[in-house]
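See below for the structure under consideration.
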Amino acid sequence: MSKRNYYFDNVKFVLIVFVVFGHLLRSYIEDDQTFFALYATIYLFHMPAFILISGFFSKSFYKPGYLKKITQKILLPFMIFQVLYSIFYFFLRGEETFELNMLIPEWSLWFLLSLFFWNVLLVLLVKWLKLKPALLLTVAFAIGITIGCIDTQLNILSFARTFIFFPFFLIGFYLKKEHFQILFTIPARVALLLSTAAVLYASYVFAGYDQDWLFGSVSFQELGATNLEGMTYRFIIYVLNFIMIAALLAFVPHKNYFFTAWGRNTLYVYLLHGFFIQTFRESAWEESAQSILLLLAAAIILAMFLSSKAVTALTQPLIELKWTRLKDWLGSRRQSKDPSS
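Each residue of the sequence shown is one higher than the one before, starting from 2 at the first, in the numbering used here.
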């Protein structure tokens with residue numbers, strides 16, 4: 002594996018730790034200004050960066066059978082986990098009636114549904130319509146900035162998020178490996194480090210604003226803003242998104258570390274960590290865990306656990322609809338127990 006591959010594996014593992022960490026912080030942001038500032042800063046880059054990286058690795062979209070492949074790889078796992086999370090919430094919260102709504106993604110499952118649509122849009126707009134990058138990016142940003150003007154239920158089929166975050170996917174698609182080199186220069190790193198400090202400070206000073214601005218799932222009216230205000234805020238958020246994405250990418254190491262291989266299993270962590278996070282939020286542990294270092298350690302440990310060979314082997318049939326990891330894992334366990342092997 003090349004250094005560049007190590008780098009992107011490292012990026013993905015660092016990002017998934019931030020995803021888990023951000024979800025753990027969520028329980029405390031309303032009562033603690035520091036927690037809110039950290040939470041808001043993380044939300045400016047963790048999913049946008051994941052989406053950008055997803056776009057970067059979607060360059061094989063032109064191959065025959067691509068739509069069938071992404072349906073199996075993305076849409077079917079979404080459907081499976083939509084059912085599983087609906088059942089899980091029914092028992093966890095003691096709900097009186099069981100409801101299954103395939104149109105509104107459960108919690109973080111919006112990403113899979115949007116990822117499917119981004120790939121479909123890529124095939125439609127780039128492969129079939131052959132739109133030029135400048136035109137496509139301009140239209141994508143224009144829609145992302147203005148879509149909040151629509152006063153309706155924008156979370157159906159992850160509609161708003163699909164268009165608000167589509168520019169990140171597109172930019173990732175158009176990026177080449179050489180473009181990342183700009184971020185690794187000392188001037189760029191110094192500028193991005195200072196920018197990160199400024200964003201953290203601003204997030205602390207303005208703590209308490211509606212975090213739904215960061216989610217991209219509701220209309221401007223629901224956020225209490227006029228259309229002009231909403232579009233202005235969305236533009237500012239886009240700018241901050243890209244600053245923080247660049248800052249993250251600039252400081253991730255390039256070498257092969259003990260956690261590098263886990264970066265290949267981030268989809269497992271993403272789909273499975275919600276069962277743990279939601280259980281934590283409903284438990285008594287939540288009240289005694291208000292420590293940034295403790296929550297960060299918990300996020301790292303949970304990401305490591307869900308990336309492990311045992312967990313990925315046991316859950317691969319649900320996530321990848323394959324049994325290969327389970328067969329390999331069971332085979333290796335049998336060999337380790339056989340003294341003659």
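Glycine residues also receive a C-beta, built at the ideal position from the N, C-alpha and C atoms.
Item checked: Between the CA atoms of Q34 and V200 - distance to the nearest angstrom -> Residue numbering aside, residue 200 sits at position 199 when the sequence shown is read from its first letter. Residue numbering aside, residue 34 sits at position 33 when the sequence shown is read from its first letter. Rounded to whole angstroms, the gap between the alpha carbons of V200 and Q34 is 14 Å.
Margin query: Beta-carbon within less than 7 Å of T313's beta-carbon, same chain only, minus the 5 sequence neighbours each way: which residues are those?
Written below: The residue you call residue 313 lines up with position 312 of the sequence shown. N266, Y269, R326.
Next item on the list: With a floor of 4 residues, list each alpha helix (DSSP H) that falls wholly inside the region 88-138, ordered by position along the chain.
Entry: 111-123
Checklist line | Beta-carbon proximity list for K4, same chain, < 6 Å, skipping 5 on both sides | finding: What you label residue 4 is simply residue 3 of the sequence shown in a count that begins at 1. Only weak support exists for where K4 lies, its pLDDT of 46 falling under 50; the value from the coordinates is given anyway. The residues are H255.
Next item on the list: Using 10 angstroms around the beta-carbon of E288, count the other beta-carbons present and answer buried if the total reaches 16, otherwise exposed.
Entry: To locate residue 288, count along the sequence shown from 1; it is residue 287. E288 is exposed by the Cβ-count criterion.
Next item on the list: Quick one: grab the DSSP three-state call for Q222.
Entry: Taking the first residue of the sequence shown as position 1, residue 222 is located at position 221. The three-state secondary structure of Q222, taken from DSSP, is coil.
Next item on the list: Tell me whether V240 counts as near the ligand SAH, meaning its Cβ is closer than 7 Å to at least one heavy atom of that ligand.
Entry: This structure lacks the ligand SAH, and indeed carries no ligand of any kind.
Next item on the list: Mind checking which residues open and close the alpha helix (DSSP H) that includes N228?
Entry: Within the sequence shown, the letter at position 227 stands for residue 228. Taken as a continuous stretch (DSSP letters only), the alpha helix (DSSP H) holding N228 covers 228-252.
Notebook entry, point to check: Thinking C-alpha only, which one of L16, F170, E179, F9 is nearest A300?
Noted result: One-based indexing of the sequence shown puts residue 300 at position 299. Answer by Cα proximity: L16.
Margin query: Give me, in chain order, the residues of the same chain whose beta-carbon lies closer than 8 Å to that of K323; leave out the 5 immediate sequence neighbours on both sides.
Written below: For the purposes of this step, residue 323 is identified with residue 322 of the sequence shown, where counting begins at 1. These residues qualify, in order along the chain: Q317.
Margin query: Taking 7 Å as the limit between beta carbons, can you name the residues of its chain near L26, skipping five residues before and five after?
Written below: In the sequence shown, counting from the first residue as 1, residue 26 sits at position 25. Around L26: F36, L39, Y40, L296.
Margin query: Quick check on M103: buried or exposed, where buried means 16 or more other Cβ atoms within 10 Å of its Cβ?
Written below: As a working mapping, residue 103 is identified with position 102 in the sequence shown. Looking at its Cβ environment, which holds fewer than 16 other Cβ atoms inside 10 Å, M103 is exposed.
Next item on the list: Just mark F9 as buried or exposed, buried being the case when its beta carbon has 16 or more other beta carbons within 10 Å.
Entry: Here residue 9 is taken as the residue at index 8 of the sequence shown, counted from 1. F9 should be labelled buried.
Item checked: 8 Å Cβ cutoff met for G275 and Y86 -> Translated into positions along the sequence shown, residue 275 becomes position 274. Translated into positions along the sequence shown, residue 86 becomes position 85. Yes, they are a contact pair.
Margin query: Quick check: the region 43-57 against the region 86-99, are at least 3 beta-carbon pairs closer than 8 Å?
Written below: no
Margin query: Using 8 Å as the cut-off, can you tell me whether the region 137-157 makes contact with the region 184-196, which would need three or more C-beta pairs spanning the two stretches below that distance?
Written below: no
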